[in-house]
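**Q** Protein chains in written order, with UniProt numbering: chain Z, 1 to 193; chain P, 1 to 225; chain R, 1 to 225; chain D, 1 to 197.
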Amino acid sequence: MRDTWEARDIARVAVFAAIIVVLGLVGPIPVPGLVPITAQTLGVMLAGVVLGAKRGGAAVLIVFALVAIGLPMLSGGRGGLGVFVGPTAGYLIGWLPAAVVAGLVAHAGARRLSWWRVALGAVVGGIGCAYACGIPGVALATGIPLPEAALSALAFLPGDAIKAVVATLLAVSLYRAYPPAFPRAVRRERVAR
Amino acid sequence: MIRASGVGVAIDGTRILDDVTVSVPQPRVAVIGANGSGKSTFARTLNGLIAPTEGALEVAGIDVVREPKSARGAVGFLFSNPDAQILMPTPAEDIALSLKAAGVPRALRAERAIEALRGYGLAEHAHQPAYSLSGGQKQLLALAAVLVRRPRVLVADEPTTLLDLGNARMIGDLLTGGVAEQVVLVTHDLELAARCDVCLRFDGGRLVQAGEPSEVIAAYRAEFA
Amino acid sequence: MIRASGVGVAIDGTRILDDVTVSVPQPRVAVIGANGSGKSTFARTLNGLIAPTEGALEVAGIDVVREPKSARGAVGFLFSNPDAQILMPTPAEDIALSLKAAGVPRALRAERAIEALRGYGLAEHAHQPAYSLSGGQKQLLALAAVLVRRPRVLVADEPTTLLDLGNARMIGDLLTGGVAEQVVLVTHDLELAARCDVCLRFDGGRLVQAGEPSEVIAAYRAEFA
Amino acid sequence: MIPLVLPRRTPLHRVPAGWKLASLVLLSVAGAVASSTALGAAIALVATVAVYVAGGIGIREWARQLWRVKWIIVLLAAMQAIFLGWEAAVTGTARIVAIVLLAAAVTLTTPVADMLDALERCLTPLRIARVDPARVAFTIALTIAIIPVISQLGAQIREAQRARGVRLGVRWIVTMLVGALRHADDVGDALTARGVA
Ligand SMILES: Nc1ncnc2c1ncn2[C@@H]1O[C@H](COP(=O)(O)OP(=O)(O)OP(=O)(O)O)[C@@H](O)[C@H]1O
Ligand SMILES: Nc1ncnc2c1ncn2[C@@H]1O[C@H](COP(=O)(O)OP(=O)(O)OP(=O)(O)O)[C@@H](O)[C@H]1O
Ligand SMILES: O=C(O)CCCC[C@@H]1SC[C@@H]2NC(=O)N[C@@H]21
Ligand SMILES: [Mg+2]
Ligand SMILES: [Mg+2]
């Protein structure tokens, strides 16, 4: 089946990219460290589980583009090409598979949204994929062996676990408040208005 | 009773409200004026959402500058965009949220919420997603969520925007029908303004006229004749 | 010229527009009616934003059902929320976007955009962020972006909402002053409706009256008396 | 949302964006290969100073950029020192800092519009995958226009909570998502009506 993008899809991708950016502004203050702890990862998880793999991934790519062209769109007002070549670039790049996988796990084959699929998507995508890119990224940039780099990722685990829980609660709540937010495939049993 | 003396608001060095001095004892107050004249800014100072950077302001006997928190408890605020003020997925939950803030025990909230919704003809929509309500129904719900806390003063910023004649009348009737000791209506709808007891006109951040609505509205219309 | 015959729109089985049959040759057309009566739905069919599920519809000689794309080229659409229709970061870029869609070559766009903005008194704001414009300026910009393509018909859905008397008059004067062969104004602002040549009244998804604005408005008012 | 680009013009501003991007890629590859010795690291750092000074950005801006990444430097050096020893820590940190500063130099001297054009050109090969670069560039600009609207929506929701004396915690995000996605539908309609998408 060919997936056609209508004007509304473009608008949703743009709006979700904007949400990820705005979460960087209002989110918790980034603690000093190699990689900031940021509410933007919550936005990445939500982009995937709400819009689905393709549109959610596209929203993340738009954020990358905004950062790359020199706008301060990451938490703490950072941006520019520097963040793509620094030691934390792997984590940032990891946002893309994070949103895609979160969307795939949450939606693939589902006829309606279930909380456990969303939770699984948030954990496997939002935590698993982000770390799978981020840890080798740190290792590659610094020359630190992989196991040690993996150890340093533990600093994010409590925060990211909370974000996965929050993303699940928010997505389920959004499903009740505004089912049209989700692709038609996962709300077949609902009356669409 | 609103008592403002020398009230001013400056944001980042620009003065967007300037030296507002007025005493308003009337129960129904209209606020009119051009876009950007400072109406919404004035309205927001009344319940402490914006703190005046100078002057003294008293609403319902509360010093808003010193006690913004109790001002927010006594002064309800209705915004024009219902989408931004309906905070929960369904009408029943939204009203229950207000009841929670008012200290109503959990066990009573659900029932009291339905009761409140019934008063606005919304009981049958209590558990349906709020987004699917019509514009008028959303505005009613937002009003219900504010009034369920029984504020002594109600400030409404353009409450009849996008409503049809019937809905605008209904909301207008409610707002001018004694829902609180004092009601302040910020509006571009001059028919609504005419139904108040006193009218304040703002221009360029200043209060330029306060008096009989018919006169103030006539002066405002004359500006553009 | 609008020619509708038996136009109906059903979404998910519910009929939200029903059997609209009317011929409107007048240049200025007002559309009024209650919230949810189908005004916006009717307006959207006129430029192919919504396809009628039954009936035939012709606007400016174009069969909207068969050729929605050319309908969108010939029929401009102005929405009530300017924030949603300003699509580019600055006024100049926003106008340039419309010019691009109209096939104006890249080299000419910048200059033509400034020229168009000058016509609406916005030239000095051409390169400032669009979100920092006032409400009235935003609505003017949205109008400019639609009119720069020289549509033969202009449909505007509640264009004066949230505007003050001066801005509403200015936009109203522009819209009723011959900016296109035919202008359709969907509005709750009955003063604006009264300035048109003909008025259509909707109720419950049906066209219930079409005629002299003064009469149609009187009938609408009488409903709520 | 003020771009990270320097407002004043420097000689580097005049260099086409594509050239700057290509040199950045070349230099980062060269840096990864060559600077694993103390001498290489020193050369890399001196080279960044040279780019900043010769390009007209100036040593003060160089120092400012260095200060911005101070925590990264400290942590990076500490981690590498623990795992790899002192010498490797110094050269490794210098190499990363040099490349980050060079990337920052490109950002500092390339206006957003030029960068957007360069990006659009970089995306041309994607036409094979039915991705239209012009449409991507358009979506980026659309997002820039939408960000202030969404941020304002967030402010309205916070204000509504304060006015009602309620605290939603993270649940405010649901309200924002509903409002934002409804806004997206309005924007989508405007895109269609304007004939641009
Ligand atoms: N947070 C802010 N920062 C800077 N300027 C502001 C802020 N809020 C309002 N203003 C400016 O203050 C002026 C008055 O704004 P206000 O919203 O009170 O006008 P208003 O009379 O309510 O207009 P409208 O009829 O369009 O709602 C405007 O020029 C506005 O741009
Ligand atoms: N996409 C949709 N799906 C289902 N129902 C819809 C849809 N769009 C509109 N409706 C319903 O169709 C009816 C007519 O809506 P429409 O927006 O045309 O009314 P309107 O006359 O413009 O009202 P208002 O004055 O509030 O703008 C309403 O009951 C509305 O809920
Ligand atoms: O802002 C950046 O430069 C990118 C930040 C990447 C943050 C990573 S994603 C996984 C982990 N969880 C966090 O909260 N932060 C890191
Ligand atoms: Mg206002
Ligand atoms: Mg409508």
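Just so it is clear, CB atoms sit at the ideal spot from N, CA and C, and this is done for glycine as well.
#1: Residue 203 of chain P bridges to which residues according to DSSP?
#2: Can you confirm whether residue 11 of chain Z, when its beta carbon is compared against all beta carbons of chain P, has any partner nearer than 8 Å?
#3: Mind checking if residue 129 of chain P is an interface residue toward chain Z, Cβ cutoff 8 Å exclusive?
#4: How far does the alpha helix (DSSP H) with residue 77 of chain R in it extend, from its first residue to its last?
#5: So with CB distances below 8 Å, who are the chain P contacts of residue 177 of chain D?
#6: So, is residue 62 of chain D buried or exposed, given that buried needs 16 or more other C-beta atoms within 10 angstroms?
#7: Give me the residue from P:27, P:32, P:10 and P:4 with the minimum Cα distance to residue 187 of chain P.
#8: Between residue 73 of chain D and residue 179 of chain Z, what straight-line distance do the alpha-carbon atoms span, to the nearest angstrom?
#9: My output table needs one value for residue 191 of chain P: the three-state DSSP class, helix, strand or coil.
#10: Measure from the C-beta of residue 49 of chain D to each C-beta in chain R and report whether the shortest distance is under 8 Å.
#11: Just checking my contact of residue 139 of chain Z with residue 155 of chain Z at CB under 8 Å: how many whole Å lie between their CB atoms?
#12: Roughly how far, in whole angstroms, is the beta-carbon of residue 82 of chain Z from the beta-carbon of residue 107 of chain D, given that I think they are within contact range, below 8 Å?
#13: Can you list, in chain order, the stretches of the beta strand (DSSP E) that have 3 or more residues and sit fully within the region 101–181 of chain P?
#14: Specify the secondary structure class of residue 49 of chain P as computed by DSSP and reduced to three states.
#15: Could you please go through the chain and list the residues whose beta-carbon is closer than 7 Å to any non-hydrogen atom of ligand 5?
#16: Check the Cβ-Cβ distances between residue 157 of chain D and every residue of chain P, and say whether any is below 8 Å.
#17: Would you mind reading off the limits of the beta strand (DSSP E) that contains residue 28 of chain P?
#18: Determine the DSSP secondary structure at residue 190 of chain Z, reduced to helix, strand or coil.
#19: Compare the C-alpha of residue 16 of chain P against each of P:214, P:4, P:206 and P:137 and name the closest.
#20: Helix, strand or coil for residue 37 of chain R? Go by DSSP, reduced to three states.
#21: Count the other CB atoms within 10 Å of the CB of residue 13 of chain P; is the residue buried (16 or more) or exposed (fewer)?
#22: Would you tell me roughly how many angstroms separate the C-alpha atoms of residue 104 of chain P and residue 118 of chain P, rounded to the nearest one?
#23: Report whether the distance from the Cβ of residue 135 of chain P to the nearest heavy atom of ligand 2 is below 7 Å.
#24: I'd like to confirm something about residue 36 of chain R: is its beta-carbon nearer than 7 Å to some heavy atom of ligand 2, or not?
#25: Rounded C-beta distance between residue 74 of chain R and residue 60 of chain R? I'm assuming under 8 Å.
#26: From the beta carbon of residue 149 of chain D, is the nearest beta carbon of chain R less than 8 Å away?
#27: Residue 166 of chain R versus chain P: which residues are under 7 Å apart at the beta carbon?
#28: Counting only beta-carbon atoms, is residue 2 of chain D nearer than 8 Å to chain R?
#29: Which residues of chain R have a Cβ atom closer than 9 Å to the Cβ of residue 221 of chain P, listed in chain order?
#30: Smallest Cα separation from residue 96 of chain D: which of Z:89, Z:101 and Z:96?
#31: Taking the alpha carbon of residue 99 of chain D as the point to measure from, which residue in Z:112, Z:98, Z:104 and Z:84 has its own alpha carbon closest?
#32: I'd like to know whether the C-beta of residue 147 of chain Z is nearer than 8 Å to at least one C-beta of chain D.
#33: May I have the straight-line CA-CA distance separating residue 91 of chain P from residue 134 of chain D, to the nearest angstrom?
#34: Which of the three DSSP states, helix, strand or coil, is assigned to residue 212 of chain P?
#35: Secondary structure at residue 60 of chain P, three-state DSSP: helix, strand or coil?
**A** According to the data block:
#1: Locating residue 203 of chain P in the second sequence gives position 203, counting from the first residue. BP columns for residue 203 of chain P point to P:206.
#2: What you label residue 11 of chain Z is simply residue 11 of the first sequence in a count that begins at 1. For residue 11 of chain Z, the answer is no, since every Cβ of chain P falls outside 8 Å of its Cβ.
#3: As a position in the second sequence, residue 129 of chain P is number 129, starting the count at 1. Yes, residue 129 of chain P counts as interfacial toward chain Z.
#4: Mapped onto the third sequence, residue 77 of chain R falls at position 77. Run containing residue 77 of chain R: none in the alpha helix (DSSP H); it sits in the beta strand (DSSP E), 75–78.
#5: Counting from one through the fourth sequence, the residue named residue 177 of chain D turns up at place 177. By Cβ distance, chain P contributes nothing, its closest Cβ being about 11 Å from residue 177 of chain D, past 8 Å.
#6: By 1-based counting over the fourth sequence, the position of residue 62 of chain D is 62. It counts as buried.
#7: Within the second sequence, the letter at position 187 stands for residue 187 of chain P. For the residues P:27, P:32, P:10 and P:4, the minimum Cα distance to residue 187 of chain P belongs to P:32.
#8: Reading the fourth sequence from its first residue, position 73 is the one you call residue 73 of chain D. Reading the first sequence from its first residue, position 179 is the one you call residue 179 of chain Z. Approximately 46 Å between the Cα atoms of the pair.
#9: Locating residue 191 of chain P in the second sequence gives position 191, where the first residue counts as 1. In this structure, residue 191 of chain P counts as helix in the three-state DSSP scheme.
#10: Translated into positions along the fourth sequence, residue 49 of chain D becomes position 49. So, not an interface residue.
#11: Counting from one through the first sequence, the residue named residue 139 of chain Z turns up at place 139. Counting from one through the first sequence, the residue named residue 155 of chain Z turns up at place 155. Their Cβ separation, rounded to whole angstroms, is 15 Å, which puts residue 139 of chain Z and residue 155 of chain Z out of contact at 8 Å.
#12: Position 82 of the first sequence, counted from the first residue, corresponds to residue 82 of chain Z. Position 107 of the fourth sequence, counted from the first residue, corresponds to residue 107 of chain D. Indeed they touch by this definition, with Cβ atoms about 7 Å apart.
#13: 153–157
#14: The sequence position of residue 49 of chain P within the second sequence is 49, counting from 1. Of the three classes helix, strand and coil, the one that applies to residue 49 of chain P here is coil, per DSSP.
#15: R:39, R:40, R:157, R:158 and R:186
#16: The residue labelled residue 157 of chain D in the question sits at position 157 within the fourth sequence. Interface residue, yes.
#17: Looking up residue 28 of chain P in the second sequence gives position 28. Unbroken beta strand (DSSP E) run through residue 28 of chain P: 28–33.
#18: Indexing the first sequence from 1 puts residue 190 of chain Z at position 190. Caution is warranted here: a pLDDT of 48 is assigned to residue 190 of chain Z, below 50, making its placement in the model unreliable, and the coordinate value is therefore given only provisionally. Coil.
#19: The residue you call residue 16 of chain P lines up with position 16 of the second sequence. Among P:214, P:4, P:206 and P:137, the Cα nearest to that of residue 16 of chain P belongs to P:206.
#20: Here residue 37 of chain R refers to the residue found at position 37 when the third sequence is read from its first residue. Residue 37 of chain R: coil per DSSP, three-state reduction.
#21: For this step, residue 13 of chain P is matched to residue 13 along the second sequence. Looking at its Cβ environment, which holds fewer than 16 other Cβ atoms inside 10 Å, residue 13 of chain P is exposed.
#22: On the second sequence, position 104 is the one that residue 104 of chain P refers to. On the second sequence, position 118 is the one that residue 118 of chain P refers to. So the two alpha carbons sit approximately 18 Å from each other.
#23: Stepping through the second sequence from its first residue, residue 135 of chain P is reached at position 135. Yes, Cβ of residue 135 of chain P sits closer than 7 Å to a heavy atom of ligand 2.
#24: Against the third sequence, residue 36 of chain R aligns to sequence position 36. Yes, the beta carbon of residue 36 of chain R sits closer than 7 Å to at least one heavy atom of ligand 2.
#25: Looking up residue 74 of chain R in the third sequence gives position 74. Looking up residue 60 of chain R in the third sequence gives position 60. Right, the Cβ-Cβ distance comes to about 5 Å (below 8 Å), so this counts as a contact.
#26: Counting from one through the fourth sequence, the residue named residue 149 of chain D turns up at place 149. Yes, contact with chain R.
#27: Stepping through the third sequence from its first residue, residue 166 of chain R is reached at position 166. Ordered by position in chain P, the residues that pass the 7 Å Cβ test against residue 166 of chain R are 34 and 224.
#28: In the fourth sequence, residue 2 of chain D corresponds to position 2, counting from 1. So, not an interface residue.
#29: Along the second sequence, read from residue 1 onward, the residue named residue 221 of chain P stands at position 221. What residue 221 of chain P touches in chain R: 165.
#30: Residue mapping note: residue 96 of chain D aligns to position 96 of the fourth sequence, counting from 1. Measuring from the Cα of residue 96 of chain D, the nearest candidate turns out to be Z:89.
#31: Your numbering for residue 99 of chain D matches position 99 in the fourth sequence. The candidate whose alpha carbon is nearest that of residue 99 of chain D is Z:84.
#32: Translated into positions along the first sequence, residue 147 of chain Z becomes position 147. No, because no Cβ of chain D sits closer than 8 Å to the Cβ of residue 147 of chain Z.
#33: In the second sequence, the residue the question calls residue 91 of chain P occupies position 91. In the fourth sequence, the residue the question calls residue 134 of chain D occupies position 134. Looking at the two C-alpha atoms, the distance is approximately 43 Å.
#34: Taking the first residue of the second sequence as 1, we reach residue 212 of chain P at position 212. Three-state result, residue 212 of chain P: coil.
#35: In the second sequence, residue 60 of chain P corresponds to position 60, counting from 1. Correct three-state label for residue 60 of chain P: coil.
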